[in-house]
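Peer 1:
Numbering (my numbering), first residue to last: 8 to 144.
1. Would you kindly check if the distance between the Cβ of residue 66 and the Cβ of residue 50 is under 8 angstroms?
2. In the structure shown, what three-state DSSP assignment does residue 36 receive?
3. In the DSSP assignment, the beta strand (DSSP E) including residue 131 goes from what residue to what residue?
4. Just curious, the beta strand (DSSP E) that residue 71 is in, first and last residue?
5. Compare the beta carbon distance of residue 17 and residue 78 with 8 angstroms and say whether it is the shorter of the two.
6. Helix, strand or coil: how does DSSP classify residue 42 here?
7. Of all the options 123, 14, 95, 107, which has the alpha carbon lying nearest to the alpha carbon of residue 143?
8. Pair every Cβ in the region 91 to 107 with every Cβ in the region 53 to 62, then say whether three or more of these pairs are closer than 8 angstroms.
9. Restricting to Cα atoms, I'd like to know which of 25, 83, 43, 124 is closest to residue 71.
What follows is the structure, encoded as structure tokens:
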């Protein structure tokens with residue numbers, strides 16, 4: 008798995024990343040990850056009656072944004088910045104985030120623990136994440 012990520016030289020680490028991001032004072036990116044490769048397995052859609060495969064950040068970022076929109080509807084109000092809630096859930100014993108076993112981004116490899124600069128908190132089980140966020144309300 009290849010992924011982008013690292014630590015900002017300009018943006019300081021936000022308080023909600025304390026205890027998760029270590030060894031650097033900059034903001035850790037990404038916060039979480041989604042399947043994005045067109046190969047493993049990517050996303051499929053139909054266009055002009057033909058199936059096609061697509062992926063990348065151009066697919067995963069809008070997918071998560073759409074999910075947050077659905078979350079806002081489900082909970083009946085906008086969530087605003089959900090990053091603090093994501094990190095709080097990542098630190099729980101029943102975290103909705105899954106560990107990623109392998110990968111790199113050319114500069115960083117995966118590190119053991121909850122957070123790494125390749126996949127962030129990791130991909131989430133979205134059903135569990137929804138339930139956990141509902142329970143936080």
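Just so you know, even glycine gets a beta-carbon here, dropped at the ideal spot from N, CA and C.
Peer 2: So, from the listed chains and residues:
1. The residue labelled residue 50 in the question sits at position 43 within the chain shown. The residue labelled residue 66 in the question sits at position 59 within the chain shown. It is a contact, given that the beta carbons lie within the stated cut-off.
2. Position 29 of the chain shown, counted from the first residue, corresponds to residue 36. DSSP places residue 36 within a strand segment (E or B) once states are collapsed to three.
3. Taking the first residue of the chain shown as 1, we reach residue 131 at position 124. Looking at the DSSP string, residue 131 is not in any beta strand (DSSP E), and its letter there is neither H nor E.
4. In the chain shown, the residue the question calls residue 71 occupies position 64. Per DSSP, residue 71 lies in no beta strand (DSSP E) segment; the continuous alpha helix (DSSP H) that holds it begins and ends at 64 to 82.
5. Within the chain shown, residue 17 is the residue found at index 10, counting from 1. Within the chain shown, residue 78 is the residue found at index 71, counting from 1. No, the pair does not count as a contact, with Cβ atoms beyond the cut-off.
6. What you label residue 42 is simply residue 35 of the chain shown in a count that begins at 1. Residue state for residue 42 is assigned as coil, using DSSP reduced to three classes.
7. Residue mapping note: residue 143 aligns to position 136 of the chain shown, counting from 1. It is 95 whose Cα lies nearest to the Cα of residue 143.
8. Remark: fewer than three beta-carbon pairs, one from each stretch, lie closer than 8 angstroms, so the region 91 to 107 and the region 53 to 62 are not flagged as touching.
9. Taking the chain shown and counting its residues from 1, the one referred to as residue 71 is at position 64. Comparing Cα-Cα distances from residue 71 to each of 25, 83, 43, 124, the minimum goes to 43.
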